């Protein structure tokens, strides 16, 4: 996690929520407020993680569906004095299908319609049967997957 390495780059964070100006560019450090966040250079395509921990009213608002992302995954953790931790409670957030259903779309009907379009594309020679299989898998994974970014 490179906690002992001094960051040499600066960044801002893009924000796609509906109630912001599109970026997070105010970061509180030990002495003042900065317009950039110090980050490390990414090595050889390695993953680089930034944790964003939302609490209070903003976290609750995320689950209100006003942004059409739906409920986030939630985990409650108990940390003991010796540093060990236990997952006390885990709640799975909404899938894309859940959110579509909330706004009166039927995910199964959407999947059926998309399948018909894909099959027609195979018949017309626009895509191959193996392309169709890949496209359908991607569509299904998207519909039944989480509304927030996943790796």
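Numbering (our numbering), first residue to last: 1070 to 1220.
Think of the CB as a built atom: it goes at the ideal place given N, C-alpha and C, for glycine as much as any other residue.
Source: prediction; values computed, not measured.
Between the alpha carbons of residue i and residue j, how many angstroms are there, rounded?
{"i": "residue 1215", "j": "residue 1176", "result": "14 Å"}
{"i": "residue 1182", "j": "residue 1145", "result": "40 Å"}
{"i": "residue 1093", "j": "residue 1198", "result": "44 Å"}
{"i": "residue 1206", "j": "residue 1140", "result": "24 Å"}
{"i": "residue 1100", "j": "residue 1072", "result": "20 Å"}
{"i": "residue 1081", "j": "residue 1219", "result": "21 Å"}
{"i": "residue 1150", "j": "residue 1159", "result": "22 Å"}
{"i": "residue 1142", "j": "residue 1171", "result": "18 Å"}
{"i": "residue 1102", "j": "residue 1208", "result": "43 Å"}
{"i": "residue 1173", "j": "residue 1180", "result": "15 Å"}
{"i": "residue 1184", "j": "residue 1217", "result": "24 Å"}
{"i": "residue 1186", "j": "residue 1202", "result": "13 Å"}
{"i": "residue 1196", "j": "residue 1190", "result": "6 Å"}
{"i": "residue 1212", "j": "residue 1200", "result": "18 Å"}
{"i": "residue 1120", "j": "residue 1098", "result": "16 Å"}
{"i": "residue 1095", "j": "residue 1178", "result": "44 Å"}
{"i": "residue 1091", "j": "residue 1194", "result": "42 Å"}
{"i": "residue 1152", "j": "residue 1117", "result": "25 Å"}
What residues are listed by DSSP as bridge partners for residue i?
{"i": "residue 1080", "result": "1106"}
{"i": "residue 1215", "result": "1164"}
{"i": "residue 1048", "result": "This structure gives no information on residue 1048, because the portion of the chain shown stretches from 1070 to 1220."}
For residue i, is the classification buried or exposed, using 16 other Cβ atoms within 10 angstroms of its Cβ as the cut-off for buried?
{"i": "residue 1083", "result": "exposed"}
{"i": "residue 1169", "result": "buried"}
{"i": "residue 1165", "result": "buried"}
{"i": "residue 1155", "result": "exposed"}
Between the options, which has its C-alpha nearest residue i's C-alpha?
{"i": "residue 1157", "options": "1164, 1165, 1166, 1147", "result": "1147"}
{"i": "residue 1115", "options": "1070, 1153, 1091", "result": "1070"}
{"i": "residue 1137", "options": "1117, 1162, 1180", "result": "1162"}
Note to self: Check whether the segment 1095 to 1112 and the segment 1071 to 1087 touch, using three or more Cβ-Cβ pairs below 8 Å as the test.
What the structure shows: Yes, the segment 1095 to 1112 touches the segment 1071 to 1087.
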